[in-house]
Amino acid sequence: MSRVPQEWGKNPSFFFGNRESFKDMATDDVFPRWLRVTFAAYAHFGANGHATFRQKRLAWLLGEKVGEVMIPTSRQRVREAIDGAVDRGLLMPESKALCLVLPSAVVAFGVGKEGAACPRHPARRNGQTVSPTSETTRFQPVVSTPKERQNRVVSGSAPLFSLTTPTGDDRDSADPDERTA
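Structure, rendered in structure tokens:
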């Protein structure tokens, strides 16, 4: 059984796109960056409509070729490109450099499961953000009293105040205004 909806064969509004062509257009500096970032999203989106990228990957895709050398664009230019695509309705507002989100009415049937959680966006239930347990516990602050922090010794080192308090020889070379008679 085909994963392609039956209406796609009967409705001329739908088409199939070539991901390799979108990848090529995403790196072609003939196009404006806001359009190139949209091409990058079409080249990499999954069934959930999200196109995830590694750190700085979009900067390299949106960079410029100088001679034979590719120079990545700045993160500000990446952000401007994403904002430009969002302003034109080509990407969803939650898009960011690590994950571009295409409108659900525009794409369907990418690689993976349609309801798969995005590793770059927090899960949502009833409009509320839900953090995974590991993330919640991982970022809980350590609660301790000042006395506990003062007595804590790390790698055999003394507490910080003992390093900043002058000792016998240090007192002789200290600022004369701070000496007591």
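Numbered by UniProt numbering, the letters in the sequence shown go through residues 1 to 181 in order.
Beta carbons: idealized from backbone N, C-alpha and C, even for Gly.
Keep in mind the model is a prediction, meaning the values are calculated, not measured.
What is the rounded straight-line gap between the Cα of residue i and the Cα of residue j?
| i | j | result |
| --- | --- | --- |
| Asp83 | Leu98 | 14 Å |
| Phe31 | Met25 | 8 Å |
| Asp28 | Pro103 | 23 Å |
| Pro72 | Arg36 | 14 Å |
| Ser74 | Ala105 | 31 Å |
| Ala59 | Ala47 | 24 Å |
| Ala40 | Phe22 | 7 Å |
| His50 | Met70 | 26 Å |
| Val66 | Gly89 | 31 Å |
| Val86 | Glu68 | 32 Å |
| Phe45 | Thr52 | 7 Å |
| Thr38 | Glu20 | 14 Å |
Rank the options by C-alpha distance to the C-alpha of residue i and give the top, closest one.
| i | options | result |
| --- | --- | --- |
| Met92 | Phe22, Trp34, Asp28 and Gly17 | Trp34 |
| Arg79 | Lys65, Phe45, Glu94 and Asn48 | Glu94 |
| Asn18 | Ala43, Thr73, Pro72 and Ile71 | Ala43 |
| Arg54 | Lys96, Asp29 and Val106 | Lys96 |
| Lys56 | Leu90, Gln76, Arg88 and Phe45 | Gln76 |
For the alpha helix (DSSP H) containing residue i, list its first residue and its last residue.
| i | result |
| --- | --- |
| Leu91 | From DSSP, Leu91 is part of no alpha helix (DSSP H); its letter is neither H nor E. |
| Glu20 | Arg19 to Thr27 |
| Val106 | Val106 -> no alpha helix (DSSP H), and no H or E assigned at all. |
| Val86 | Arg75 to Asp87 |
What are the boundary residues of the beta strand (DSSP E) that residue i is part of?
| i | result |
| --- | --- |
| Val101 | Cys99 to Val101 |
Taking DSSP's pairing of strands, which residues face residue i in a bridge?
| i | result |
| --- | --- |
| Ala51 | Leu100 |
| Lys65 | Met70 |
Between residue i and residue j, how many whole angstroms is the CB-CB distance? I'm expecting something under 8 Å.
| i | j | result |
| --- | --- | --- |
| Ala81 | Leu62 | 6 Å |
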